[in-house]
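*Asks:* Below is the structure I would like to discuss, written out as structure tokens.
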Amino acid sequence: MPLSLEEEWTVVASGLIAHADEILERGEWDTILSFLGDSLSVEERETWLEVLADQGLLEDRYAALVDPPAEFVDELLRRCWRVALADGEGSDIEESVHDRIAMRLDADLDRVDALRRKWTSDAEAKAAATLALAAVFVNLDGVLDFHEAVHFDELLGRSPVPIGRRVELAALLNDPPSVDDVVAQLNQLTLGERLEALGELVPLVRASLRKQEEQAAFVNVMTRAGVQGEAAEKLIASASAAS
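So this is what it looks like as structure tokens:
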């Protein structure tokens, strides 16, 4: 299925952000593709990966795009900035490319600058909650397994937090917070952010040698974080699947 106009804008504009510092990070690519969900076939995904890898192709696509719906502009700019944060912090050059996109969309740059600060703060809060949640689960049985430590380190590595904050969050691995504290952090997030944080925990739960106990703890946290209905069922099914 071809991309919608909104999806194509997401890929192209976010791709320009990813190329801004001339260093393409895996986390940036993964973030861009995550916006598309399951809307791409394997072949289409490969085609778009080729486009993402070539800044010239991206510029050509960018020039040819018709403007997106006005109501999508803020969400598009949020997605672009999330890509900028994929390696920890948005750089000055990424900010300038973000401004370039905003100007094309007739967005007020002072307002966009304020939104960037908010999105950066929100991303750090979500990352902190996600890592706190992971720290609780890797220590759930009192034994820190190698694969659990690796998962935590990978999660920390792609978290949008500055270096100083990263050191603080790394310490959670050996000094995890209480479940009550984690639930309180999760409930400060939007529902979408809570779902993303819980989704990051799924590989740990699936790989656990104490799967039933961890699944029960997972459902408990999810319920206390207000995740219900179809969203909860999908997470439970994913966490219960064979690893």
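This note's numbering puts the first residue of the sequence shown at 95, with every later residue one more than the last.
We treat Cβ as the ideally placed atom computed from N, Cα and C, and that holds for glycine.
1) Count the other CB atoms, across all protein chains shown, that sit within 10 Å of the CB of serine 257; report buried if there are 16 or more and exposed otherwise.
2) Can you give me the C-alpha to C-alpha distance between proline 270 and alanine 264, rounded to a whole angstrom?
3) Taking the C-alpha atoms as reference points, what is the distance between methionine 316 and leucine 266?
4) Going straight from the alpha carbon of threonine 284 to that of aspartate 124, what length do you get?
5) Mapping the DSSP letters down to three states, classify leucine 283 as helix, strand or coil.
6) Out of curiosity, what's the CA-to-CA distance linking alanine 164 and proline 96?
7) So, at 7 angstroms on beta carbons, what are the nonlocal neighbours of valine 167 in its own chain, with the 5 sequence-adjacent residues on each side left out?
8) Using only alpha-carbon positions, find the residue among Arg304, Val313, Asp274 that is nearest to leucine 292.
9) DSSP on valine 167, reduced to helix/strand/coil?
10) Measuring alpha carbon to alpha carbon, tell me which of Ala158, Ile111, Cys174, Asp154 ends up nearest phenylalanine 129.
11) On the DSSP letters alone, give me the boundaries of the alpha helix (DSSP H) that serine 334 sits inside.
12) Between which two residues does the alpha helix (DSSP H) holding aspartate 216 run?
13) Helix, strand or coil for proline 271 per DSSP?
14) For the alpha helix (DSSP H) containing glycine 150, name the first residue and the last one.
15) If the criterion is Cβ atoms closer than 9 angstroms, does the pair leucine 227 and valine 276 meet it?
16) Among Ser215, Leu209, Arg155, Leu159, whose alpha-carbon lies nearest the alpha-carbon of glycine 182?
17) Have a look at histidine 192 and isoleucine 126 and give me their C-alpha separation to the nearest angstrom.
18) Is it right to say glycine 236 is buried, meaning 16 or more other beta carbons lie within 10 angstroms of its own, or is it exposed?
19) If you drop the 5 nearest sequence neighbours on each side, which residues of the same chain put their C-beta closer than 8 angstroms to that of isoleucine 187?
20) State the Cα-Cα distance for the pair valine 255 and leucine 280, rounded to the nearest angstrom.
21) Can you give me the C-alpha to C-alpha distance between valine 106 and alanine 217, rounded to a whole angstrom?
22) Could you check which residue in Arg318, Glu290, Glu294, Ala333 has the C-alpha nearest to that of glutamate 308?
23) Assuming arginine 260 contacts leucine 250 under a Cβ cut-off of 8 angstroms, what Cβ separation, rounded to an integer in Å, is found between them?
24) Would DSSP call serine 135 helix, strand or coil?
25) Determine whether the beta carbon atoms of glutamate 290 and lysine 220 lie at a separation below 9 angstroms.
*Replies:* Checking against the coordinates, here is how it stands:
1) Position check: residue 257 holds isoleucine in this sequence, whereas serine was assumed. Label assigned to isoleucine 257: exposed.
2) Rounded to whole angstroms, proline 270 to alanine 264 spans 10 angstroms at the Cα level.
3) Between methionine 316 and leucine 266, the C-alpha separation is close to 20 angstroms.
4) In this structure, the straight-line span from the alpha carbon of threonine 284 to that of aspartate 124 is close to 21 angstroms.
5) In the three-state reduction of the DSSP assignment, leucine 283 falls in the coil class.
6) CA-to-CA, the gap between alanine 164 and proline 96 works out to about 21 angstroms.
7) If we look at valine 167 and ignore the five residues flanking it on each side, its Cβ neighbours are Leu199, Ala201.
8) Of Arg304, Val313, Asp274, the residue nearest in Cα terms is Val313.
9) Helix at valine 167.
10) That would be Cys174, whose Cα lies nearest to the Cα of phenylalanine 129.
11) Serine 334 -> alpha helix (DSSP H) spans 323-334.
12) Residues 203-232.
13) Judged by DSSP in its simplified three-state form, proline 271 adopts coil rather than helix or strand.
14) Run containing glycine 150: 149-158, per the alpha helix (DSSP H) assignment.
15) Between leucine 227 and valine 276, the C-beta gap is smaller than 9 angstroms, which places the two residues in contact.
16) For the set Ser215, Leu209, Arg155, Leu159, the Cα lying nearest the Cα of glycine 182 is the one of Ser215.
17) Cα-Cα distance, rounded: 15 angstroms.
18) Taking all protein chains shown into account, glycine 236 has fewer than 16 neighbouring C-beta atoms within 10 Å of its C-beta and is therefore exposed.
19) The answer, listed in chain order, is Ala114, Asp115.
20) So the alpha carbons of these two residues sit roughly 17 angstroms apart.
21) Roughly 22 angstroms separates the two Cα atoms.
22) Considering only alpha carbons, the answer is Ala333.
23) Yes, they are in contact, since the Cβ atoms of arginine 260 and leucine 250 sit about 7 angstroms apart, within 8 angstroms.
24) DSSP places serine 135 in coil when its eight states are reduced to three.
25) It is a contact, given that the beta carbons lie within the stated cut-off.
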